[in-house]
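The C-terminal residue of the sequence shown carries number 279 in full-length UniProt numbering, and the numbering is unbroken. Cβ coordinates follow ideal geometry from the N, Cα and C atoms, glycine included.
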Amino acid sequence: MTRMLERAPNLAILYPRALVKRGGGHELPDTRLGLRDVAVERERLTEYHRVCGFGPSDTLPGTYPQVLAFPLAIALMSERAFPFPLPGIVHIGNTITQRRPIAATERLTFEVRTGNLRPHRRGRQFDVVTEARVGDEPVWDSTATYLRRGAGTGAAAPEPGEVLPTTAVWRVPGNVGRRYARASGDRNPIHLHPLTAKLFGFPRAIAHGMWMKARCLAAIEGRLPEAWTAEVRFAKPLLLPSTVDFGVRGRDFSVASGGRPHLTGRAVPAPGNATPHPG
1 MTRMLERAPN LAILYPRALV KRGGGHELPD TRLGLRDVAV ERERLTEYHR
51 VCGFGPSDTL PGTYPQVLAF PLAIALMSER AFPFPLPGIV HIGNTITQRR
101 PIAATERLTF EVRTGNLRPH RRGRQFDVVT EARVGDEPVW DSTATYLRRG
151 AGTGAAAPEP GEVLPTTAVW RVPGNVGRRY ARASGDRNPI HLHPLTAKLF
201 GFPRAIAHGM WMKARCLAAI EGRLPEAWTA EVRFAKPLLL PSTVDFGVRG
251 RDFSVASGGR PHLTGRAVPA PGNATPHPG
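Set out below in structure tokens:
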């Protein structure tokens, strides 16, 4: 049963609550959260285009619905029944399927759930699954995989893919975490400032993983069909500021520094629907 919310959860309230929340058991709850008729704020969308490198468009970047649904995911992981506190949870993989282009004027209905709790060599991993519809039409979905660090089990874990030869050098400024936070609403303190990042064990602020994915997809935007699936694995954190090597071969891509990957990924055609509705 999906519990439909009347309004989007407030991340400014949820983050402090999640940071002090204790674990609530050993199993993932079967709770599902939903939100109807989510509209796009054009000003935030424009800033998202700029910080991620997308050109102006009347359709949403394929990563943008994740931004709109993110407060639901944090709300779900902040509930008492969720077994893990938010600190110590690491985003290690993300798969998005865009079934057709989504017009910026269309309203989306989201449903978010967790599942597939399983061993990992560095703890346990689980998925946050998000689905988006326009009316009754499924148009987009994602699976975000998170690691809860802890006692390892010896279970095999997917390794990052190949670091590709450099096709571009990106200079990532120190303020990109704050700019992405303004555009996305994701104000996790590890991304905002060296001092707040140090509280969580990082020497400097780190880039959002979903900023890296969006930046890569923006770089290969012209190679993507209308319906696609893009899967990435996140590796070592990208400290800010940094200079990184971007590599692309076909629709495979990587972000690395010193030969070590920050992200590796691949986009492939996916079964699609039709052209975007006019909204």
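Which class does residue i belong to by DSSP, given the choice of helix, strand or coil?
i	result
I220	coil
T167	coil
H120	strand
G177	helix
P56	coil
P16	helix
L28	coil
P269	strand
A8	coil
A81	coil
A103	strand
K213	helix
P189	helix
Would you say residue i faces chain D, with C-beta separation under 7 angstroms as the test?
i	result
F82	Chain labels in this structure do not include chain D; a single protein chain is all it has.
Between which two residues does the beta strand (DSSP E) carrying residue i extend?
i	result
I92	I89 to Q98
A230	W228 to F234
G34	R32 to V38
M4	T2 to L5
Please report the residue range of the alpha helix (DSSP H) in which residue i lies.
i	result
R50	R42 to C52
T196	P194 to K198
M77	Y64 to S78
Can you pull the DSSP bridge partners for residue i?
i	result
P261	A256
Y146	H91 and F126
D141	T97 and E131
H208	According to DSSP, H208 bridges with nothing at all.
A183	A183 pairs with nothing; no bridge assigned.
F110	L35 and A132
T243	R171
R249	D252
residue 287	The structure shown does not extend to residue 287, since the chain is modelled only from 1 through 279, so no value can be given for it.
G115	D127
Mark residue i as exposed unless 16 or more other C-beta atoms lie within 10 angstroms of its C-beta, in which case mark it buried.
i	result
S78	buried
E106	buried
A132	buried
A12	exposed
M212	buried
G259	exposed
M1	exposed
F70	buried
T97	buried
H120	buried
G201	exposed
H208	buried
G135	exposed
F99	According to the sequence shown, residue 99 is Arg rather than Phe. Buried, because 16 or more other Cβ atoms sit within 10 Å of the Cβ of R99.
T243	exposed
Throw me the rounded Cβ distance for the residue i and residue j pair, which I believe falls under 8 angstroms.
i	j	result
A103	P29	In fact, because the Cβ distance is near 34 angstroms, the residues do not count as touching under 8 angstroms.
E231	T95	4 angstroms
V51	Y180	5 angstroms
F246	W170	5 angstroms
R149	V90	7 angstroms
L164	D252	6 angstroms
V128	A73	5 angstroms
L33	R3	6 angstroms
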